[in-house]
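Please read the structure below before turning to the comments.
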Amino acid sequence: MSTINRYAQQISAQVLSNKRVGQYHQILISVGDVVKYCRPGNFIAIAVGGDNSSMVLRRAFALSRVSDRGEFGGTLELIVAPHGSGSRWLCSQGEGALLDVVTPLGVAFGIPTEPVTALLIGGGYGSAPLFGLAEVLKSRGCHVDMILGASSSSKIYAPLEGKRSVNSLKIYTEDSSSGIPGRVTDSLEEIISEGAIDVIYSCGPMAMLSAISTIAQSCEVVHQCAVEESMACGIGVCMTCVLPVRQDDGSIAMKRSCIDGPVMDGANVAWEVVGKIQETKE
Amino acid sequence: MSTINRYAQQISAQVLSNKRVGQYHQILISVGDVVKYCRPGNFIAIAVGGDNSSMVLRRAFALSRVSDRGEFGGTLELIVAPHGSGSRWLCSQGEGALLDVVTPLGVAFGIPTEPVTALLIGGGYGSAPLFGLAEVLKSRGCHVDMILGASSSSKIYAPLEGKRSVNSLKIYTEDSSSGIPGRVTDSLEEIISEGAIDVIYSCGPMAMLSAISTIAQSCEVVHQCAVEESMACGIGVCMTCVLPVRQDDGSIAMKRSCIDGPVMDGANVAWEVVGKIQETKE
Amino acid sequence: MSIDLSTTLGPAWFPTPIFTASGCASSGRELAQFFPLKNIGAVVTKSIMVKARPGRPTPRMAETPSGMLNSIGLQGPGIDSFIANDIPWLVEQGARIIVSIAGETVDEYATLARRLRSVPGISALEVNISCPNVENRGMVFACDPVSSRAVIDGVRRIIGGDLPIIAKLSPDVTDIVAIAREVVNAGADGVALINTLLGMVINTETMRPHLGGKTGGLSGPAIRPVAVRAIYQVHQAFPKVPILGMGGVRSGRDAFEMILAGASGVSVGTATFGNPRATLDVQEELEVILTEKGFTTLRSAVGFAHRQDRQDRQDSPEMSGE
Amino acid sequence: MSIDLSTTLGPAWFPTPIFTASGCASSGRELAQFFPLKNIGAVVTKSIMVKARPGRPTPRMAETPSGMLNSIGLQGPGIDSFIANDIPWLVEQGARIIVSIAGETVDEYATLARRLRSVPGISALEVNISCPNVENRGMVFACDPVSSRAVIDGVRRIIGGDLPIIAKLSPDVTDIVAIAREVVNAGADGVALINTLLGMVINTETMRPHLGGKTGGLSGPAIRPVAVRAIYQVHQAFPKVPILGMGGVRSGRDAFEMILAGASGVSVGTATFGNPRATLDVQEELEVILTEKGFTTLRSAVGFAHRQDRQDRQDSPEMSGE
Ligand SMILES: Cc1cc2nc3c(=O)[nH]c(=O)nc-3n(C[C@H](O)[C@H](O)[C@H](O)COP(=O)(O)OP(=O)(O)OC[C@H]3O[C@@H](n4cnc5c(N)ncnc54)[C@H](O)[C@@H]3O)c2cc1C
Ligand SMILES: Cc1cc2nc3c(=O)[nH]c(=O)nc-3n(C[C@H](O)[C@H](O)[C@H](O)COP(=O)(O)OP(=O)(O)OC[C@H]3O[C@@H](n4cnc5c(N)ncnc54)[C@H](O)[C@@H]3O)c2cc1C
Ligand SMILES: Cc1cc2nc3c(=O)[nH]c(=O)nc-3n(C[C@H](O)[C@H](O)[C@H](O)COP(=O)(O)O)c2cc1C
Ligand SMILES: Cc1cc2nc3c(=O)[nH]c(=O)nc-3n(C[C@H](O)[C@H](O)[C@H](O)COP(=O)(O)O)c2cc1C
Ligand code: FES
Ligand code: FES
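This is how it looks when you write it as structure tokens:
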């Protein structure tokens with residue numbers, strides 16, 4: 000734990016661009032040198048609402064793509080769904096606006112030391128960190144397949160550049176507005192076995208992560224998922240973001256998803272008691 | 000009372016320009032037809048801090064100049080001192096920003112039906128409503144002298160165009176940085192008698208209004224002053240903005256400066272007990 | 000939209016559940032410049048006392064994060080002038096009227112009730128017991144079960160069964176359910192929850208309490224979670240007692256939250272200072288929300304947050320924070 | 000700047016008056032990534048209980064206007080693990096340590112005191128009595144003078160004169176001065192004011208209480224006026240009893256406000272969630288303000304807002320809102 004958030008810095012980041020993409024905003028911000036420590040799976044916590052804001056808590060966003068080259072030096076790309084008042088405020092920030100951010104936070108995706116066959120599964124804006132992850136995996140010689148799902152086509156975030164970094168991309172929509180009708184988990188078992196998948200990386204709604212976990216376990220595939228619990232502090236001091244996680248001795252501990260996550264081993268999360276658990280033996 | 004605020008409207012007003020003038024901001028906003036009902040002495044109440052503001056109360060500003068001609072239709076000019084968080088927010092609003100405003104509010108300056116000799120006295124941004132007032136008085140054939148005072152030259156607001164609408168202008172600064180060293184009340188008695196003043200109009204800090212009132216009463220000159228008490232609602236419903244005002248029967252009543260003012264007869268205000276009064280016979 | 004927004008507080012009927020809050024609409028006149036008073040559920044007037052009162056010294060207000068403090072000290076014209084001037088005017092406007100009364104002794108409340116009982120056009124009395132009781136060490140009536148009971152009991156005796164009585168409680172108590180129990184037992188038809196929280200701001204320039212009266216009442220969105228909790232607790236304990244909810248309501252969503260918690264009516268106070276039309280806006284937004292949620296009557300939404308609760312009673316809502 | 004920021008809470012000395020708030024800094028480790036813990040006055044650790052505790056179900060938080068609700072349920076590792084792992088680490092950092100303890104029975108507090116009294120490196124105990132008392136109808140200890148007294152009395156007996164005891168009180172009471180009187184009489188060296196206010200948010204989508212634990216504790220700038228009032232009242236009643244102030248402090252100005260009201264130390268809680276460096280920032284800003292105001296010692300500013308008061312005692316600060 001003492002190494003987590005070791006490189007986190009609170010800095011002022013400038014908005015370089017803010018584009019609408021489907022139902023999302025793709026926001027590029029300049030963060031300088033801290034970019035060196037940013038990995039796929041890390042997140043950023045952003046203060047929202049400006050100087051006289053009634054919103055006292057930061058909002059968390061996955062780092063979608065990290066770049067340390069280019070004319071602006073270190074930059075981060077975020078994919079933001081205008082959901083409530085904080086994310087709407089963020090989506091309304093134009094070029095040049097200054098954001099108060101803390102990053103990189105949390106546990107990043109684990110990168111295999113050997114070239115493996117990886118399946119990346121994203122739901123909604125959950126695809127955000129996966130494109131950056133795909134680039135890293137490819138650079139390590141991995142084979143990368145990707146599946147994205149959402150209720151509707153406008154909620155699929157799949158930028159053109161992103162598609163280039165994967166070997167294959169399947170899209171599922173529940174309303175059949177694009178790709179395959181249905182959910183990402185519909186033919187997951189076949190995809191895993193046919194593709195000879197070694198490891199699954201996932202990010203998206205908790206229900207999706209839970210369903211993937213069940214399948215991954217039955218197929219005996221490693222499953223790293225980035226969870227999303229509501230977070231007050233994002234830095235491990237408040238205990239609001241906890242998830243029940245099975246320990247080696249079989250007991251369940253309430254782990255902080257901000258600091259012991261957001262990337263967790265899907266096999267260890269006690270999905271069936273998320274949000275329910277009150278008593279466990281520790 | 001039932002006619003007060005009769006024409007008040009809550010509208011969205013666009014910022015047409017925002018210029019720094021000395022220590023103030025001169026802000027021009029477009030308000031449309033409501034301008035027809037705006038008079039010198041009226042004020043405007045502006046919501047501050049945007050959608051997620053922690054500031055729940057409007058801020059009051061005197062209407063400095065009112066115009067219903069020109070390319071933008073009805074416009075109002077405000078002179079704003081960046082004082083605390085609300086006024087600083089307002090001063091940071093650039094061209095095109097939309098403001099949520101309620102105007103015209105309160106009692107305006109009374110305009111004499113005959114041409115008279117008027118002395119206008121302003122302290123700090125208190126000069127704001129006086130230039131608009133001067134124009135109206137001149138158009139009624141009045142002779143208009145003006146005295147402005149402030150601690151320092153940068154706190155004197157006296158726009159060039161404004162100077163044209165008065166017959167004479169004297170400036171006092173306490174630190175001698177421009178005009179006559181000292182306060183507006185220093186030679187007031189002489190000015191009143193030499194200038195054969197019929198009526199004084201004033202606006203500025205309460206201590207200044209109080210000092211002018213004493214002199215005006217000893218010289219038996221009518222004194223209309225625009226008071227400034229902190230206001231929660233600005234529309235007469237909360238009772239926070241009260242001032243002790245002497246009634247015909249000699250008793251003192253706590254009058255609302257937002258709706259029974261801000262323009263009041265200086266001779267009636269019980270200056271000596273402002274902020275102190277607890278018991279009066281009503 | 001054919002949704003039935005009507006509500007009742009005891010025997011009193013109102014076409015909509017959205018009212019002004021006492022002290023935040025004066026006696027209605029000034030607000031009438033912004034919308035017709037008859038369009039909202041009711042006007043709750045500024046608490047009136049027996050005699051005219053000048054109130055506390057200024058400054059009387061301080062803005063605080065998402066709220067404000069006020070220390071008006073119940074400035075007002077006294078009951079005679081109020082009955083002569085304000086009530087007839089409100090009646091003329093076609094407004095439903097809830098008169099808020101306040102006293103420094105149990106007798107003063109009774110006197111007010113006596114003066115008001117035969118005045119036509121009043122729908123209900125709101126009895127503001129959040130005033131210091133001069134007969135009992137200056138302790139606020141609503142902070143003491145015995146004093147609270149005595150006031151309501153006195154008013155009830157005078158009023159008989161004619162006018163509904165709503166007792167307005169203070170949140171500054173250890174056990175608001177216990178106070179609610181007393182006033183209901185004493186004959187209150189309903190309770191109004193909540194009055195302001197006692198607070199203070201120190202002016203860091205002068206290094207003195209900012210308000211002339213030193214302490215003041217905290218209102219506005221900042222206190223909404225406290226109000227919702229109080230409404231929820233009292234509705235849970237007395238599901239049949241009508242509640243007039245208030246405290247930081249600024250939107251239809253906020254009013255809906257209080258209704259789900261158990262309020263049959265909702266007063267809009269401080270929000271009016273930021274938006275003169277707030278009461279009407281809240282009402283219009285509430286109607287949209289209820290419709291979207293599939294309610295056809297307001298009544299069916301009252302206390303809805305408790306319904307599913309009945310199944311999982313094991314986790315008691317009488318828990319504390321950390 | 001040669002200003003003397005040092006302060007004392009009973010026999011304990013601290014180089015600066017700015018501390019973390021219990022439950023808002025965990026056991027310090029995570030914050031140490033953002034500033035050296037030895038640079039602030041003290042780390043107040045998350046309330047620790049005898050046994051390990053998983054806490055309440057999620058969601059455990061809801062943002063509210065200028066504040067938040069939390070319902071963590073005192074999740075923690077239990078006293079043994081805490082003493083074995085957390086204290087030594089904090090000692091190593093050179094931090095001053097105030098250990099917050101919490102129990103469900105009077106005995107549990109005594110047990111915690113017994114385990115802690117001989118642990119080296121602890122500056123003071125903060126006794127969080129805002130937990131439900133399982134022996135007394137689940138009523139929160141701090142809401143009942145008798146239970147409050149019993150807890151402090153039990154801890155004092157065990158601790159002897161060695162460690163200062165600071166009793167942390169709840170604002171959810173009718174008379175906080177009365178509770179302060181009890182704990183001081185029982186031997187508390189000081190009081191911490193205030194814990195969170197009991198609140199609730201209803202999720203208008205699900206139409207159910209938003210928090211897993213239904214109610215939660217309200218903190219943040221929204222509650223600051225309530226905290227300042229409580230500090231002012233208790234300092235007025237017991238000018239010699241040191242107060243650790245907290246509730247919505249986010250800037251040096253806010254800490255200064257509490258110090259003027261009577262606080263000898265100030266804890267920064269919720270502000271840390273918005274700004275990990277908040278505690279240190281508050282401390283640095285406070286130093287600038289004190290200097291600008293011409294204070295050469297922190298001590299001379301404590302309770303300053305009362306000094307001029309002594310002259311005009313006629314207007315009592317024990318007034319209510321409207
Ligand atoms: C680790 C992590 C990564 C995230 N990555 C992204 C991302 O890449 N893109 C994106 O659009 N969103 C992301 N989110 C969700 C994002 O933080 C929420 O959409 C946002 O907090 C909603 O805030 P709001 O002010 O718009 O909504 P409001 O409803 O006003 O928020 C109120 C409070 O609830 C919390 N909250 C509300 N919705 C969520 C949610 N879905 N998850 C967690 N907390 C919530 C907020 O943080 C806030 O404290 C992520 C969340 C976490 C925890
Ligand atoms: C009738 C009237 C006319 C005014 N005209 C002007 C004008 O033309 N130009 C201008 O710059 N200012 C004017 N003011 C003062 C202006 O409203 C305050 O400067 C402004 O409210 C300060 O707000 P703030 O948020 O910057 O300060 P803060 O200190 O953050 O304000 C906190 C609260 O105190 C109140 N307050 C603070 N200072 C004053 C003050 N001086 N007077 C009244 N209330 C105050 C605010 O309204 C707010 O509710 C006028 C005030 C009134 C009542
Ligand atoms: C300026 C002001 C004056 C008030 N006067 C009264 C009053 O006279 N009688 C009363 O019962 N409540 C009074 N209140 C309390 C409100 O009626 C209401 O209970 C409280 O403010 C919470 O609601 P809000 O947050 O919507 O304002 C007053 C509140 C304010 C802000
Ligand atoms: C998430 C959270 C957890 C808390 N946990 C504790 C706790 O364990 N013990 C305690 O005495 N107070 C606890 N508190 C209360 C704080 O210490 C503090 O008294 C309160 O939040 C007011 O201060 P603030 O507004 O600065 O946060 C907690 C507060 C929060 C927000
Ligand atoms: S969000 Fe605070 S501990 Fe995770
Ligand atoms: S500001 Fe509310 S009555 Fe004047």
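Chains as they are written, first to last, in numbering that gives the first Met the number 0: chain A, 0 to 281; chain B, 0 to 281; chain C, 0 to 321; chain D, 0 to 321. Cβ coordinates follow ideal geometry from the N, Cα and C atoms, glycine included. All of these numbers come straight from a predicted model, not from anything done at the bench.
I'd like the list of long-range same chain contacts for residue i, defined as Cβ closer than 7 Å, with 5 residues on each side in sequence excluded.
{"i": "T295 of chain D", "result": "I2 and D3"}
{"i": "L217 of chain C", "result": "T63, G66, L68, T195, L196 and G198"}
{"i": "R276 of chain D", "result": "F33 and F34"}
{"i": "R87 of chain A", "result": "P81"}
{"i": "S209 of chain A", "result": "W270"}
{"i": "S46 of chain C", "result": "S21, G22, L73, S99, I100, A101 and N127"}
Pick helix, strand or coil for residue i, following the three-state DSSP scheme.
{"i": "N38 of chain D", "result": "helix"}
{"i": "P224 of chain D", "result": "helix"}
{"i": "M285 of chain A", "result": "Summary: the structure shown does not reach residue 285 of chain A, with chain A confined to residues 0 through 281, and so no result is reported for it."}
{"i": "N127 of chain C", "result": "strand"}
{"i": "L289 of chain C", "result": "helix"}
{"i": "M257 of chain D", "result": "helix"}
{"i": "F33 of chain C", "result": "coil"}
{"i": "S126 of chain B", "result": "helix"}
{"i": "S25 of chain C", "result": "coil"}
Are the beta-carbon atoms of residue i and residue j separated by less than 8 Å?
{"i": "V244 of chain A", "j": "M230 of chain A", "result": "no"}
{"i": "G215 of chain C", "j": "N69 of chain C", "result": "yes"}
{"i": "F272 of chain D", "j": "C224 of chain A", "result": "no"}
{"i": "I43 of chain A", "j": "L62 of chain A", "result": "yes"}
{"i": "I266 of chain C", "j": "L289 of chain C", "result": "The displayed chain sequence assigns Ser, not Ile, to residue 266 of chain C. Cβ distance not < 8 Å, so S266 of chain C and L289 of chain C don't count as in contact."}
{"i": "M245 of chain D", "j": "I193 of chain D", "result": "yes"}
{"i": "G102 of chain D", "j": "C142 of chain D", "result": "no"}
{"i": "P261 of chain B", "j": "E227 of chain B", "result": "yes"}
Checking the sheet assignment: what are the DSSP bridge partners for residue i?
{"i": "M253 of chain A", "result": "A:P243"}
{"i": "Y200 of chain A", "result": "A:L119 and A:Q223"}
{"i": "L197 of chain D", "result": "D:G216"}
{"i": "L68 of chain C", "result": "C:A61 and C:L217"}
Excluding sequence positions up to five away, which residues of its chain have a Cβ less than 8 Å from the Cβ of residue i?
{"i": "Q8 of chain B", "result": "V33, V101 and T102"}
Evaluate residue i with the Cβ neighbour count: other Cβ atoms within 10 Å of its Cβ, from every protein chain shown; 16 or more gives buried, anything less gives exposed.
{"i": "Q92 of chain A", "result": "buried"}
{"i": "A187 of chain C", "result": "buried"}
{"i": "D79 of chain D", "result": "exposed"}
{"i": "H234 of chain D", "result": "buried"}
{"i": "I94 of chain A", "result": "For the record, residue 94 of chain A in the displayed sequence is Glu; it is not Ile. E94 of chain A is exposed by the Cβ-count criterion."}
{"i": "T278 of chain D", "result": "buried"}
Measuring from the CB of residue i, is there a heavy atom of ligand 7 at a distance below 7 Å?
{"i": "M230 of chain A", "result": "Here the bound small molecules are ligand 1, ligand 2, ligand 3, ligand 4, ligand 5 and ligand 6; ligand 7 is not part of this structure."}
Going along the chain, which residues of its own chain have a beta-carbon closer than 6 Å to the beta-carbon of residue i, five neighbours each way excluded?
{"i": "L56 of chain A", "result": "A231"}
{"i": "S151 of chain A", "result": "T172, D174 and S176"}
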